[in-house]
């Protein structure tokens, strides 16, 4: 299915004050209930001078599928080590080489 693909996972937010959290990585396992991914987490904390924080190193995360808002497939050559963030108007995006950028979220706390 999506095993061995690089993906962006956006997690569900259960209340408006919750920080926006995204995980980008390579899918190691995919089951009916879980996704095992190796990559980096990105959190957006609104109101900060530098609102986007990216993990320094890779980690393995086991994600319950019920906590996922959506998954976007990224190109196989996406560089997880050097994730680039750009701001366009009121939104933050992750640059994707030779493809449309993928959205992190909108300033002001809405995703």
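Residue numbers (the working numbering): 3 to 113.
The beta carbon of each residue, even a glycine, is placed where N, CA and C say it ideally should be.
Quick one: using the 10 Å Cβ neighbour count with 16 as the cut-off for buried, is residue 12 buried or exposed?
-> Here residue 12 corresponds to residue number 10 of the chain shown, with the count starting at 1. So residue 12 counts as buried.
When you compare each of 106, 69, 101 and 100 to residue 91 by their alpha carbons, which one comes out closest?
-> As a position in the chain shown, residue 91 is number 89, starting the count at 1. Ranking 106, 69, 101 and 100 by Cα distance to residue 91 puts 106 first.
Could you please give the first and the last residue of the uninterrupted beta strand (DSSP E) stretch that includes residue 51?
-> Within the chain shown, the letter at position 49 stands for residue 51. Segment: none, residue 51 is in no beta strand (DSSP E) and carries neither H nor E.
Is residue 68 helix, strand or coil when you go by DSSP?
-> For the purposes of this step, residue 68 is taken as the residue at position 66 of the chain shown. Note: residue 68 maps to helix in three-state DSSP.
When you compare each of 81, 28 and 59 to residue 100 by their alpha carbons, which one comes out closest?
-> Looking up residue 100 in the chain shown gives position 98. When only C-alpha atoms are compared, the closest one is 81.
Residue 26, buried or exposed, once every other Cβ within 10 Å from all chains shown has been counted against 16 | Reading the chain shown from its first residue, position 24 is the one you call residue 26. Buried: at least 16 other Cβ atoms inside 10 Å.
Limits of the unbroken beta strand (DSSP E) element including residue 31 = Locating residue 31 in the chain shown gives position 29, where the first residue counts as 1. Segment 22-32, the beta strand (DSSP E) holding residue 31.
Could you give the DSSP three-state label for residue 63: helix, strand or coil?
-> In the chain shown, residue 63 corresponds to position 61, counting from 1. Reduced to three states, the DSSP call for residue 63 is strand.
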